[in-house]
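Just so we're on the same page, the working numbering is the position in the sequence shown counted from 1, plus 7.
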Amino acid sequence: MGPLQQFRDLGRLFRPDTIAMIGGEPAAQAVRRSDRLGFEGEIWPVHPTRSSLEGREVFRSLDELPSVPDAAFVAVNRWATIEIVHRLAELGCGGAVLYASGFAEAGTEGGELQKHLLAGHDMPLLGPNCYGTINTVTGAALWPDVHGCRRVEQGPALISQSGNIALNLTMNRRGVRFSQVISLGNQASVTVEEALFYLAHRPEVTAVGLYLESISDPIGFGRAALAGHETETPMVVLKTGRTARAERITRSHTAALSTPAAAYNALFERYGIPQVDSLPEFLTTLGLLDTVGPLKGNRLVSLSCSGGEAALVADRAIHHPVIFEPFSADHAARVRACLSDLVTINNPLDYHTFIWGDVEALERCFTTVLSGPFDAALLVLDWPSSGNDDSRWWPTLIAFASAVSNTGTPGVIAAGLSENLPERIRRYATEPGLGVAYSIDEALAGLGAVSTIDRWPGDEAPTIHMSSVPLFSTASLSTLDEPNAKQMLSTVGIAVPEGVVVNPSDPTPVDDLTSKLAFPLVTKRIGPAHKSETGGVITGIGNQTELRAALGQLGETGGPILVEEQVAGGEAELLVSIRRERLGMMLTLGAGGRLVELLDDTQTVLLPATDPVLRRATERLRIGSRLPENTLEMLTDLTHRLTDLMNKHPELIELEINPLILTPDKAWAVDALATRDE
């Protein structure tokens, strides 16, 4: 589905009243799964030889069905699948789940079969090569295998590009009960973008978790994500392959620094969708969204009866987007009044065990702590193992729940070890609305994630990002040398030093050069992408004698030489690159100069980018605090000019400036590289 097409209505496929279950044992399993979930609609088994299934009449063909089904589960071989899909489309079926494999994932032949599968109709297809979908609100399970779903009235939904991961997640014992599970398979028809758009408009869906391997339609994904924000449906993503190396243009610094992860990070951040790194963090975040919901900010307070736990929280917090601000003097005094003078009031707080087991004292202390300017509170509480007396642990949990209720501050409990949080304690905690995490790291990751949802720089909701060109082949790429790249930059008003190209075989008299250029000068060998790393740059040339020597030194290797004025008064050196990625037009900012790859200090954003987005990107750089005050103004102007240049020249794939030297009044493109598609 292209970015300009409208998403289809998937309601009949994902919320059917009538289902045709077509095929052998996998279809029979789907019937049983629907029965066990209490599906109250009509199920019509279809098989050429069976006479009954789970107490139901079996129809010999689709033409014998009582009416057109809302959805179909098709579990036959790939050739029969094509025939059945076409007949379902002719009948007007609302959509089908295709269990068979052997399509595009199986090579050239399978790819051709997948084309035949889609030809001549627009019926929504889930798959092929997928488990299907489960709706736990209605009990409809177009699913051929075991699962751990139960009936719910509402809850988070799951979209997964891995069927087995989806199955495993339904088995979780963390209390995350999905309202809808969608396994996408090959995405021949229904894509992650279309499924997300559908779920964003379902009132029973409280959040959407996305387990992704790739995104085929980034513009469509942006539209679906914005729909989720409009309907207040929060999202979280676990993206795999974030460290895999995609095919890259290898001749620029940006190619070495801008990984696939950076592009996906920019996409998700633009649309306010937090990322997590593991399945436990994924489930924790969905659980928190279902209990405490998105947070207003990331200011946390931590409570534990041990200094060891408080120290662990403080140490692990640096790995997550959360902050533990110290108590104000007045607030600290009020907390100390609830405890002993022997207790040091810090955040994270070790409240000691002086009030352990005293529910009233604990509630008074916790309520006082939570009355501060915190967006959420974390209680670290490891429960005794089975067989031990846990009577003195209950007051702590009860008091924390009361303090959360008293103050309205969202509360989360976490254990230091996952096995120290029994399921019965989880059930008790979630009843009054507490969030639950099974480790300190999971708690911090989840709280950090839910604190970033719908939080954009400058509180400006994003617009759809700029689309990019189709995938290009590295075989068709060519590179513009520095003089030509700079000439192109100058056409849109980007400042470049005055320079002259000299051919060593026909040297221009030094007197002629110095009449056109002002010292100090720089000489550069034209050609290598990384000239300074190969001795191809000589700087600080202050007179004609030094210029003759520099030209002689570089001329020994042959090839043209660029002589240009050296920029003076530089206050900072940056790398700035604009590049067409598959996900969209990307801008990369970073520490520039010779050590750019060693420093590895870059930020990537999707274009167009607002001033607040660019400000956040520069502030995140490790060199950000040392940049001139007018950096943002100059970068904003430069970004507009680079974008204009890319729009004027669709053959351009990348423009890189390194370094961009910032002076008090101007940004100079001192070196440049352009890559284009022939």
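Positions of the beta carbon are idealized from the N, C-alpha and C atoms, including for glycine.
In the DSSP assignment, the beta strand (DSSP E) including Leu105 goes from what residue to what residue? 103-105
What are the complete alpha helix (DSSP H) segments, minimum 4 residues, inside the segment 321-350? 336-345
How is the alpha helix (DSSP H) around Ser522 delimited, first residue to last? 517-523
Cross-strand partners of Leu307 (DSSP beta bridge): The partner list for Leu307 (beta bridge, DSSP) reads Ala383.
By DSSP, does Gly229 sit in helix, in strand, or in coil? Residue state, collapsed to three classes: helix.
Could you tell me the boundaries of the alpha helix (DSSP H) in which Ile447 lies? 447-459
Assuming Val419 and Gly394 form a contact by the criterion Cβ under 8 Å, report the distance between their Cβ atoms to the nearest whole angstrom. Val419 to Gly394, Cβ: 27 Å. No contact.
Given a threshold of 16 other Cβ atoms within 10 Å of its Cβ, counted over all protein chains shown, does His472 qualify as buried or as exposed? Buried, because 16 or more other Cβ atoms sit within 10 Å of the Cβ of His472.
Minimum C-alpha distance to Asp70 - residue among Glu61, Ala96, Gly62, Arg63: With distances taken between CA atoms, Asp70 lies nearest to Ala96 out of Glu61, Ala96, Gly62, Arg63.
For Ala598, which residues in the same chain have their Cβ closer than 8 Å to its Cβ, ignoring the five residues on either side in sequence? Around Ala598: Glu580, Leu581, Leu582, Leu606, Asp608, Thr609, Leu628, Arg629, Ile630.
Quick one: residues in its chain with C-beta nearer than 7 Å to the C-beta of Ala253, no 5 flanking neighbours on either side, listed in chain order? Confidence at Ala253 is low in this model, with a pLDDT of 37, below 50, so the placement of that residue should be treated as unreliable; the coordinate-derived value is given next. Within the same chain, Ala253 has close Cβ partners Pro267.
Below 8 Å, can you find three or more Cβ-Cβ pairs linking the segment 457-466 to the segment 267-283? yes
Which ranges does the alpha helix (DSSP H) cover as unbroken runs of at least 4 residues, wholly within the segment 131-218, from first to last along the chain? 170-177, 199-207
Under a Cβ-count criterion, where at least 16 other Cβ atoms within 10 Å of its own Cβ denotes burial, should Glu467 be classed as buried or exposed? exposed
Under three-state DSSP, which class holds Trp51? The three-state secondary structure of Trp51, taken from DSSP, is strand.
Alpha-carbon to alpha-carbon, Leu296 and Leu708: Lying before the first or after the last residue shown, residue 708 is absent from the chain, which here runs from 8 to 685.
Could you give the distance in angstroms between the alpha-carbon of Ala408 and the alpha-carbon of Gly415? When rounded, the separation of the alpha-carbon atoms in Ala408 and Gly415 is 10 Å.
For Met473, does the three-state DSSP call read helix, strand or coil? coil
Evaluate Gln187 with the Cβ neighbour count: other Cβ atoms within 10 Å of its Cβ, from every protein chain shown; 16 or more gives buried, anything less gives exposed. buried
Assess, as a yes-or-no matter, whether the segment 127-135 is touched by the segment 188-205 under the definition of 3 or more beta carbon pairs within less than 8 Å. yes
Looking at Val507 and Lys531, is the spacing between their C-beta atoms short of 8 Å? no
Taking 8 Å as the threshold (C-beta atoms), are Asp684 and Ser475 in contact? no
With Val92 and Val81 assumed to form a contact (beta carbons below 8 Å), what rounded beta-carbon distance in angstroms separates them? 7 Å
My guess is that Ala492 and Leu680 are in contact by the Cβ rule of under 8 Å, so how many angstroms apart are they, rounded? 6 Å
So, with DSSP's three-state summary, where would you put Leu20? When DSSP states are grouped into helix, strand and coil, Leu20 belongs to the helix group.
Helix, strand or coil for Leu496? Go by DSSP, reduced to three states. helix
Among residues of its own chain, excluding the 5 on either side of Leu72, which ones have a beta-carbon nearer than 7 Å to its beta-carbon? Ala27, Trp51, Phe66
Exposed or buried, what is Leu602 when buried is set at 16 or more other beta-carbons lying within 10 Å of its beta-carbon? exposed
For Gly109, I'd like the list of residues in its chain whose CB is within less than 6 Å of its CB, leaving aside the five on either flank, ordered along the chain. Arg85, Gly117
Thinking Arg40 and Gly101 are a contact (beta carbons under 8 Å), I'd like their distance in whole angstroms, please. Contact doesn't hold; Cβ gap of about 19 Å is too wide.
Where does the unbroken alpha helix (DSSP H) through Gln610 begin, and where does it stop? Premise fails: Gln610 lies in the beta strand (DSSP E), 609-613, not in any alpha helix (DSSP H).
Ser326 burial status per 10 Å Cβ neighbour count (16 or more: buried): Inspection of the sequence shows that residue 326 is occupied by His rather than by Ser. Answer is exposed; the Cβ neighbour count stays below 16.
CA nearest to the CA of Leu590, picked from Leu233, Ala269, Asn175: Ala269
Can you give me the start and stop residues for the alpha helix (DSSP H) that Ala557 sits inside? Note, Ala557: alpha helix (DSSP H), 551-562.
Measuring alpha carbon to alpha carbon, tell me which of Gly227, Ile664, Leu385 ends up nearest Gly600. Ile664
C-beta contact flag for Tyr205 and Leu17 at 8 Å: Pairing Tyr205 with Leu17 gives a Cβ-Cβ distance under 8 Å.
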